[in-house]
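For reference, the structure is listed below as structure tokens.
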Amino acid sequence: MPVPTTAEMQPPLHMPRNEIETPALVIDLEVMETNIQGYVTFAEKHNVRLRSHVKTHKNAELAKRQSEYANNSGIVCQTLSEVEVMVKNGIDDIYLSYMVVGRKKLKRLVWLAQKLDRFATTVDGPGNIKPLQDVAADHGVKIDVILEIDVGLHRTGVSPGEPALTMTELIREQSNLNFRGLLSYEAHVKSEAETQTEYEAYCTEAMDQAQNTVELLEAEGIPVEEVKVGGTATSKYSGKHPVVTEINPGMYPFMDVGELEHRPFDIDKSDCAATVISTVISKPSEDRAIVDAGSKSLSMDKPQYPVPKHRDDIKYVNASEEHGWIDTTECSDPVDIGDRIEFIVPHVCTTINLHDTIVGVRDGCVEELWDVQARGKVK
Ligand SMILES: Cc1ncc(COP(=O)(O)O)c(C=O)c1O
0 MPVPTTAEMQ PPLHMPRNEI ETPALVIDLE VMETNIQGYV TFAEKHNVRL RSHVKTHKNA
60 ELAKRQSEYA NNSGIVCQTL SEVEVMVKNG IDDIYLSYMV VGRKKLKRLV WLAQKLDRFA
120 TTVDGPGNIK PLQDVAADHG VKIDVILEID VGLHRTGVSP GEPALTMTEL IREQSNLNFR
180 GLLSYEAHVK SEAETQTEYE AYCTEAMDQA QNTVELLEAE GIPVEEVKVG GTATSKYSGK
240 HPVVTEINPG MYPFMDVGEL EHRPFDIDKS DCAATVISTV ISKPSEDRAI VDAGSKSLSM
300 DKPQYPVPKH RDDIKYVNAS EEHGWIDTTE CSDPVDIGDR IEFIVPHVCT TINLHDTIVG
360 VRDGCVEELW DVQARGKVK
């Protein structure tokens, strides 16, 4: 028998979920749709654009659906090669929330910008502003840019206030760049806030910094068309601030253990659409079972282990690449070889990036199959 191709390894449509070969990355479609609708409703209520970050799933079909649900709001990518995949698959409105550096990459960026109806990229200093201007000028095109300001994450971004004004003036001096607005990504709040009140206060504090910067720019006669913010955890707090025009959450359709642990007041296990189904392959002792899902099917890049979706009496306690250790000491229902255990994934973005296929399930059967098209597209 020939070795099956990746396509042949996919479970057929309508297959019962309990027959899908494991380890498998599965999405509960009903939960996913409810999660998406929740953010769409929020965006409509607070009059902000919901432009979803598709780095989470890296699939153009899902990206199109998210954009359509949100009034054709476009998408966000994190890498140029993600943009390439999305453009090839017919997406026409993309924001690249990342600084692109190096002449070869900038040429790709300019080529992609010309293919799109609407495109903007991100800058935060002369070192990424001037080379972008040079390549745009070489090709005779004008590129829309968003200036990132650092409102507390201390990753990328120029300081708000005067330094942001100076940088905006530099952008506006470049004849082939068009200043469109600000990115103020406030992900630090996720690790600092513990209660809902703290999320609200810290997000407001971060957005106030954006607001002060906007006021400073406008006082100089510089129009600020857009203020983009937000990941899954913070969008629903920051998005209420009047300065914000757009939220960019990524993980919200799926959720994961990270989101569960950071916002227990907001979400619970039933909100987690993304799981990995595993099979018990060994039961070496009373207190231990081993499943076929280790770190090559469940990313553990953050200090969190997978959490069983449907039971609380067992714990995922250790991983090697193809093995997961399950502590069965407090197990009320015996675990045997061949049993299937479903885990909420620790970090959904990096977990999806480990799989060829996302399996969408509804009413106990396979309904959708999505290739992780931009898997490994990090350049
Ligand atoms: C700039 C930017 N915006 C939005 C997001 C999406 O955030 P989340 O994955 O928490 O939804 C990310 C994620 O890393 C990001 O880097």
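Going by numbering that gives the first Met the number 0, the first residue of the sequence shown is number 0, and it counts up by one from there. Don't be surprised by glycine CBs; every beta carbon is placed ideally from N, CA and C.
Check: residue i C-beta below 6 Å from any heavy atom of ligand 1
{"i": "Y184", "result": "yes"}
{"i": "S96", "result": "yes"}
{"i": "H52", "result": "yes"}
{"i": "M250", "result": "yes"}
{"i": "G220", "result": "no"}
{"i": "T231", "result": "yes"}
{"i": "N127", "result": "no"}
{"i": "N317", "result": "no"}
{"i": "N247", "result": "yes"}
Paired residues, beta bridge with residue i - DSSP
{"i": "T121", "result": "I145"}
{"i": "K442", "result": "Past the boundaries of the shown model lies residue 442; the chain is included only from 0 to 378, so the question cannot be answered."}
{"i": "P15", "result": "C364"}
{"i": "N88", "result": "The partner list for N88 (beta bridge, DSSP) is empty, contrary to what the question assumes."}
{"i": "R339", "result": "T278"}
{"i": "V25", "result": "T274 and V358"}
{"i": "N177", "result": "D143"}
{"i": "I93", "result": "I74 and F118"}
{"i": "S457", "result": "There is no way to answer for residue 457, as the model of the chain reaches only from 0 to 378."}
{"i": "P1", "result": "The partner list for P1 (beta bridge, DSSP) is empty, contrary to what the question assumes."}
{"i": "V306", "result": "I343"}
{"i": "D370", "result": "T356"}
{"i": "V157", "result": "I148"}
Host beta strand (DSSP E) of residue i (start-end)
{"i": "S277", "result": "A273 to S284"}
{"i": "R287", "result": "R287 to V290"}
{"i": "Y315", "result": "K314 to A318"}
{"i": "D326", "result": "G323 to D326"}
{"i": "C76", "result": "I74 to C76"}
Sub-7 Å separation of residue i and residue j beta-carbons
{"i": "I357", "j": "L24", "result": "yes"}
{"i": "T121", "j": "L79", "result": "no"}
{"i": "D92", "j": "D116", "result": "yes"}
{"i": "F253", "j": "V377", "result": "no"}
{"i": "C202", "j": "S237", "result": "yes"}
{"i": "I351", "j": "K282", "result": "no"}
{"i": "S296", "j": "L353", "result": "yes"}
{"i": "A136", "j": "N175", "result": "yes"}
{"i": "R179", "j": "A218", "result": "no"}
{"i": "P300", "j": "T349", "result": "Looking at the sequence provided, one finds Asp at residue 300 rather than Pro. Going by C-beta atoms, D300 is nearer than 7 Å to T349."}
{"i": "V360", "j": "R102", "result": "no"}
{"i": "A467", "j": "V39", "result": "Residue numbering for the chain in the displayed model covers 0 to 378; residue 467 lies beyond these limits and cannot be assessed."}
{"i": "Y251", "j": "N34", "result": "yes"}
{"i": "V228", "j": "V213", "result": "no"}
{"i": "T167", "j": "L146", "result": "yes"}
{"i": "V99", "j": "L111", "result": "no"}
{"i": "E245", "j": "R50", "result": "yes"}
{"i": "D355", "j": "T5", "result": "yes"}
{"i": "G293", "j": "S269", "result": "no"}
Presumed contact (8 Å Cβ cut-off) between residue i and residue j, rounded CB distance
{"i": "H52", "j": "P248", "result": "6 Å"}
{"i": "K308", "j": "I343", "result": "5 Å"}
{"i": "K106", "j": "C76", "result": "About 17 Å; that fails the 8 Å criterion."}
{"i": "I221", "j": "L169", "result": "I221 to L169, Cβ: 12 Å. No contact."}
{"i": "T327", "j": "V334", "result": "5 Å"}
Span of the alpha helix (DSSP H) around residue i
{"i": "G37", "result": "L28 to H45"}
{"i": "S104", "result": "The sequence as given places Lys at residue 104; Ser does not occur at that position. It spans R102 to K114 - the alpha helix (DSSP H) in which K104 sits, taken as one unbroken run."}
{"i": "I221", "result": "I221 -> no alpha helix (DSSP H), and no H or E assigned at all."}
{"i": "I266", "result": "Here I266 belongs to no alpha helix (DSSP H), and DSSP marks it neither H nor E."}
{"i": "K235", "result": "S234 to S237"}
{"i": "C348", "result": "V347 to I351"}
{"i": "M166", "result": "E161 to E172"}
{"i": "G257", "result": "V256 to H261"}
{"i": "K189", "result": "H187 to E191"}
{"i": "Q9", "result": "Neither: Q9 is in no alpha helix (DSSP H) and is coded neither H nor E."}
{"i": "L61", "result": "A59 to Y68"}
Min CB distance residue i to chain D below 7 Å
{"i": "V188", "result": "The displayed structure is made up of one protein chain only, and chain D is not part of it."}
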